[in-house]
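Student:
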Amino acid sequence: MLKVSVLLVVLTAAYCFKSYDRYKIVRVDVGSEANLQSILSLESEGLLEVFSESRLGYVDVLVSPKNLAKCQKSLHSIGLRSVERVDDVGAQILQEKAALLSAAPMADGSYSYDSYHRYDVMISHLESLVASHSSEAEIVDVGTSYEGRTIKAIRMTADISSDESDDKPMIWLDGGIHAREWVSPATMMYIIDSILGEQETDKSDKMGELLAKFQIVVAPCINPDGYEYTHTTDRLWRKTRKPSGCRWGKKNWFGGCFYRMCYGADPNRNWAADWGNSGVSDDRCSLVYPGKEPFDQENTKAVKTYLENHSDKLKLYATYHSYSQLFLTPVGYTTTKPENWKHHKKVGDAVVAAIAQRNKGTAPYIAMQSAGLYPASGDSADWVHDVLGLTDSYTFELRPDGNSNVGFELPADQILPTAQENVDGLLALIDNIEYNNI
Ligand SMILES: [Zn+2]
Numbered sequence: 000m001l002k003v004s005v006l007l008v009v010l011t012a013a014y015c016f017k018s019y020d021r022y023k024i025v026r027v028d029v030g031s032e033a034n035l036q037s038i039l040s041l042e043s044e045g046l047l048e049v050f051s052e053s054r055l056g057y058v059d060v061l062v063s064p065k066n067l068a069k070c071q072k073s074l075h076s077i078g079l080r081s082v083e084r085v086d087d088v089g090a091q092i093l094q095e096k097a098a099l100l101s102a103a104p105m106a107d108g109s110y111s112y113d114s115y116h117r118y119d120v121m122i123s124h125l126e127s128l129v130a131s132h133s134s135e136a137e138i139v140d141v142g143t144s145y146e147g148r149t150i151k152a153i154r155m156t157a158d159i160s161s162d163e164s165d166d167k168p169m170i171w172l173d174g175g176i177h178a179r180e181w182v183s184p185a186t187m188m189y190i191i192d193s194i195l196g197e198q199e200t201d202k203s204d205k206m207g208e209l210l211a212k213f214q215i216v217v218a219p220c221i222n223p224d225g226y227e228y229t230h231t232t233d234r235l236w237r238k239t240r241k242p243s244g245c246r247w248g249k250k251n252w253f254g255g256c257f258y259r260m261c262y263g264a265d266p267n268r269n270w271a272a273d274w275g276n277s278g279v280s281d282d283r284c285s286l287v288y289p290g291k292e293p294f295d296q297e298n299t300k301a302v303k304t305y306l307e308n309h310s311d312k313l314k315l316y317a318t319y320h321s322y323s324q325l326f327l328t329p330v331g332y333t334t335t336k337p338e339n340w341k342h343h344k345k346v347g348d349a350v351v352a353a354i355a356q357r358n359k360g361t362a363p364y365i366a367m368q369s370a371g372l373y374p375a376s377g378d379s380a381d382w383v384h385d386v387l388g389l390t391d392s393y394t395f396e397l398r399p400d401g402n403s404n405v406g407f408e409l410p411a412d413q414i415l416p417t418a419q420e421n422v423d424g425l426l427a428l429i430d431n432i433e434y435n436n437i
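Mapping to numbering that gives the first Met the number 0: the sequence shown position 43 is 42, numbers consecutive.
#1: Roughly how far, in whole angstroms, is the beta-carbon of Glu-396 from the beta-carbon of Ser-321, given that I think they are within contact range, below 8 angstroms?
#2: Taking the beta carbon of Val-82 as the centre, do at least 16 other beta carbons fall within 10 Å, making it buried, or is it exposed?
#3: Taking the straight line between their C-alpha atoms, what separation do you get for Ser-131 and Asp-224?
#4: Is DSSP giving Trp-171 helix, strand or coil here?
#5: Per DSSP, what are the beta-bridge partners of Met-105 in this structure?
#6: Taking only three categories from DSSP, how would you classify Arg-154?
#7: Going along the chain, which unbroken runs of the alpha helix (DSSP H) with 4 or more residues stay wholly within the region 170-247?
#8: Give the secondary structure of Ala-375 by DSSP, where H, G and I count as helix, E and B as strand, and everything else as coil.
#9: Short check: CB of Val-302 to CB of Ile-414, under 9 angstroms?
#10: Nearest to Ala-352 by CA position, among Asp-273, Asp-28, Asn-269, Leu-428, is which residue?
#11: Thinking C-alpha only, which one of Tyr-118, Pro-399, Arg-268, Ser-111 is nearest Glu-292?
#12: Throw me the rounded Cβ distance for the Asp-391 and Lys-344 pair, which I believe falls under 8 angstroms.
#13: When the Cβ atoms of the region 180-194 are set against those of the region 248-256, are three or more pairs found closer than 8 angstroms?
#14: In chain order, what residues of the same chain lie with their CB nearer than 8 angstroms to the CB of Cys-15, ignoring the 5 residues before and after it?
#15: Measuring CA to CA, which of Ala-98, Tyr-332, Val-217 is closest to Gly-175?
#16: So Gly-142 is in the alpha helix (DSSP H); what residue range does that whole segment cover?
#17: Excluding the 5 residues preceding and the 5 following His-342 in the sequence, name in chain order all residues of the same chain whose CB lies nearer than 7 angstroms to its CB.
#18: In whole angstroms, what is the alpha-carbon distance linking Thr-361 and Ala-355?
#19: Could you pull the start and end residues of the beta strand (DSSP E) that Thr-318 belongs to?
#20: Which word fits Thr-394, buried or exposed, when buried means at least 16 other C-beta atoms lie within 10 angstroms of its C-beta?
#21: Look up Phe-326 in the DSSP assignment and give the residues it is bridged to.
#22: Just mark Asp-107 as buried or exposed, buried being the case when its beta carbon has 16 or more other beta carbons within 10 Å.
#23: With DSSP run on the structure shown, which of helix, strand or coil describes Leu-39?
#24: Indicate, with yes or no, if ligand 1 has a heavy atom lying under 8 angstroms from the CB of His-343.
#25: Once DSSP output is grouped into helix, strand and coil, what is the label at Asp-400?
#26: Put Glu-420 into one of helix, strand or coil per three-state DSSP.
#27: Give the DSSP-derived three-state secondary structure of Lys-250 in the structure shown.
#28: In whole angstroms, give me the CA-to-CA distance for Leu-39 and Gly-244.
#29: Could you tell me whether any non-hydrogen atom of ligand 1 is closer than 8 angstroms to the CB of Asn-267?
#30: Candidates Glu-307, Thr-239, Leu-235: which alpha carbon is nearest Val-141's?
#31: Using a Cβ distance threshold of 8 angstroms, determine whether the region 270-286 contacts the region 374-383, with at least three qualifying pairs required.
#32: Could you tell me the alpha carbon to alpha carbon distance between Gly-406 and Glu-163, rounded to whole angstroms?
#33: Hey, could you find the ends of the beta strand (DSSP E) Cys-261 is sitting in?
#34: With the cut-off set at 9 angstroms, would you say Leu-210 and Glu-146 are in Cβ contact?
#35: Comparing C-alpha positions only, which one of Thr-299, Lys-23, Ser-43 sits nearest to Trp-247?
#36: When you measure from the CB of Glu-180 to every non-hydrogen atom of ligand 1, does any distance come out below 8 angstroms?
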């Protein structure tokens, strides 16, 4: 009887939800910017959607059953090899939905790492942490999203009410800029809990030292509109939710859209670092549409403003994405190495070694320059590196690894190992930044 009622709830929820029934994930060998542009052209024709953000020489694309044959033919005709990786994305999403619905509801202020949680649950937990750690934590309102949600961060440092605490060197971490990358905000929450001694209790001395030396600001989910949309409507939504206009700008005689209205911009292509030049699409409905201009999305503008206002203190910027298990060093818009690449290499080696040490036997993370085999413009870490002039500005790509078939629907039992290994990765990162080595 219980099974039947759970199934009914799943089916009811699925009815309001974009189904992705029998949609496939197809891996396409890319290897160059020109090939990536060919794939983006197919996306503009509506044949596929870019799915993964791996820079390792391939791109996973999402294809509807209706478009599969035509898409494969088009890829073949432009000389790109492809192989089917996932047979039914819709089934994976339903499975995840069923697990979410069977998870125990959260009491006010509490949090768990055996399930993915909504934005209000995260914020309520941050508020509860501030209440119980009032001498070392406070909520920061970074700004307001397009749909009116407050983008919240938690600022943590010893003796937080003192004037001196405002002048301490700052570490900024953010997660959830891409809506569907659920393990990112979950990992951010675990890092916050660990810094405040609620998790990883054996590291409390180390965390105490960090809080004495730094002010650490963590914004677990800086695209809350997109994140909520992935819970309510479309699990694979990546962008923000601000309307970006009619597809190709074309209106019909009645003033509506000739094709359809497009929503959102890719918030990690929206920053003013080589904005709009590579790895992007001018199709407003594309998953990698960079916006009309840099910072035209409320959430990127809010974070940018906060970082600018604290740039004199900022010593480390790290942003967390999924998936592929990578540690990406600047810059991403060109494969040319930046001046400080030797430092980046040293930091990257230390970070991936620390992660590997924590969860032995699992696929290792790989450290590499963000551009990988083909570049992408306008990402947050490059803006911090180039415009704020901060050497230590990095991007994590969390679990699963690039060979996994689960993609963004990382099973909830993987949250904890992902988060744990990234506490160790973060500690190694902090130990190796320039500020700690002059
Ligand atoms: Zn991402």
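Note that the Cβ used here is the ideal one computed from N, Cα and C, for glycine as well. Just so it is clear, the structure is predicted and the values come from calculations on it, not from any experiment.
Tutor: From the atom records:
#1: Working through the sequence shown from its first residue, we reach residue 396 at position 397. Working through the sequence shown from its first residue, we reach residue 321 at position 322. The Cβ separation is near 6 angstroms, so the contact holds.
#2: As a working mapping, residue 82 is identified with position 83 in the sequence shown. Here Val-82 is exposed, its C-beta having fewer than 16 other C-beta atoms within 10 Å.
#3: Translated into the one-based positions of the sequence shown, residue 131 becomes position 132. Translated into the one-based positions of the sequence shown, residue 224 becomes position 225. Their Cα atoms are separated by approximately 28 angstroms.
#4: Counting from 1 along the sequence shown, the entry for residue 171 is found at position 172. Looking at Trp-171 - three-state DSSP - the assignment turns out to be strand.
#5: Along the sequence shown, read from residue 1 onward, the residue named residue 105 stands at position 106. The beta-bridge partner set that DSSP reports for Met-105 is empty.
#6: For this step, residue 154 is matched to residue 155 along the sequence shown. In the structure shown, Arg-154 sits in a strand (DSSP, three-state: E or B).
#7: Complete alpha helix (DSSP H) runs here, min 4: 182-194, 203-212, 223-231.
#8: For the purposes of this step, residue 375 is taken as the residue at position 376 of the sequence shown. Here DSSP, grouped into helix, strand and coil, assigns Ala-375 to coil.
#9: On the sequence shown, position 303 is the one that residue 302 refers to. On the sequence shown, position 415 is the one that residue 414 refers to. The beta carbons of Val-302 and Ile-414 sit no closer together than 9 angstroms.
#10: The residue given as residue 352 occupies position 353 in the sequence shown. The shortest Cα separation from Ala-352 among Asp-273, Asp-28, Asn-269, Leu-428 belongs to Leu-428.
#11: As a working mapping, residue 292 is identified with position 293 in the sequence shown. Answer by Cα proximity: Arg-268.
#12: Sequence index remark: in the sequence shown, residue 391 carries index 392 (1-based). Sequence index remark: in the sequence shown, residue 344 carries index 345 (1-based). Going by Cβ atoms, the distance from Asp-391 to Lys-344 rounds to 13 angstroms, so no, they are not a contact pair.
#13: Taking 8 angstroms as the limit for Cβ pairs, the verdict is that the region 248-256 does not touch the region 180-194.
#14: As a position in the sequence shown, residue 15 is number 16, starting the count at 1. Within the same chain, Cys-15 has close Cβ partners Thr-231, Thr-232.
#15: On the sequence shown, residue 175 is found 176 positions in, with the first residue counted as 1. For the set Ala-98, Tyr-332, Val-217, the Cα lying nearest the Cα of Gly-175 is the one of Val-217.
#16: On the sequence shown, position 143 is the one that residue 142 refers to. Going by DSSP, Gly-142 is part of no alpha helix (DSSP H) but of the beta strand (DSSP E) stretching over 136-143.
#17: As a first step, residue 342 must be located in the sequence shown, where it is residue number 343. Counting only Cβ-Cβ distances below 7 angstroms, and skipping sequence neighbours, we find Thr-390, Glu-433.
#18: Locating residue 361 in the sequence shown gives position 362, counting from the first residue. Locating residue 355 in the sequence shown gives position 356, counting from the first residue. It is roughly 8 angstroms from the alpha-carbon of Thr-361 to the alpha-carbon of Ala-355.
#19: In the sequence shown, residue 318 corresponds to position 319, counting from 1. Element bounds for Thr-318: 313-323.
#20: Here residue 394 corresponds to residue number 395 of the sequence shown, with the count starting at 1. Thr-394 comes out buried.
#21: Within the sequence shown, the letter at position 327 stands for residue 326. Answer is Ala-366, Phe-395.
#22: As a working mapping, residue 107 is identified with position 108 in the sequence shown. With fewer than 16 other Cβ atoms within 10 Å, it is exposed.
#23: If you number the sequence shown from 1, residue 39 lands on position 40. Taken through DSSP and simplified to helix, strand or coil, Leu-39 comes out as helix.
#24: The sequence position of residue 343 within the sequence shown is 344, counting from 1. It does not: the Cβ of His-343 is nowhere closer than 8 angstroms to a heavy atom of ligand 1.
#25: For this step, residue 400 is matched to residue 401 along the sequence shown. It is a strand residue.
#26: Working through the sequence shown from its first residue, we reach residue 420 at position 421. The DSSP-derived three-state label of Glu-420 is helix.
#27: Taking the sequence shown and counting its residues from 1, one reaches residue 250 at position 251. It is a strand residue.
#28: Within the sequence shown, the letter at position 40 stands for residue 39. Within the sequence shown, the letter at position 245 stands for residue 244. Cα-Cα distance, rounded: 19 angstroms.
#29: Locating residue 267 in the sequence shown gives position 268, counting from the first residue. Proximity of the beta carbon of Asn-267 to ligand 1 is indicated: a heavy atom of the ligand is located closer than 8 angstroms.
#30: For the purposes of this step, residue 141 is identified with residue 142 of the sequence shown, where counting begins at 1. With distances taken between Cα atoms, Val-141 lies closest to Glu-307.
#31: As far as the Cβ criterion goes, the region 270-286 touches the region 374-383, which means the pair count is three or higher.
#32: By one-based count along the sequence shown, residue 406 stands at place 407. By one-based count along the sequence shown, residue 163 stands at place 164. A direct Cα-Cα distance of roughly 44 angstroms separates Gly-406 from Glu-163.
#33: Numbered from its first residue, the sequence shown carries residue 261 at position 262. It spans 260-262 - the beta strand (DSSP E) in which Cys-261 sits, taken as one unbroken run.
#34: By 1-based counting over the sequence shown, the position of residue 210 is 211. By 1-based counting over the sequence shown, the position of residue 146 is 147. No.
#35: Numbered from its first residue, the sequence shown carries residue 247 at position 248. For the set Thr-299, Lys-23, Ser-43, the Cα lying nearest the Cα of Trp-247 is the one of Ser-43.
#36: Taking the first residue of the sequence shown as 1, we reach residue 180 at position 181. The answer is yes for Glu-180.
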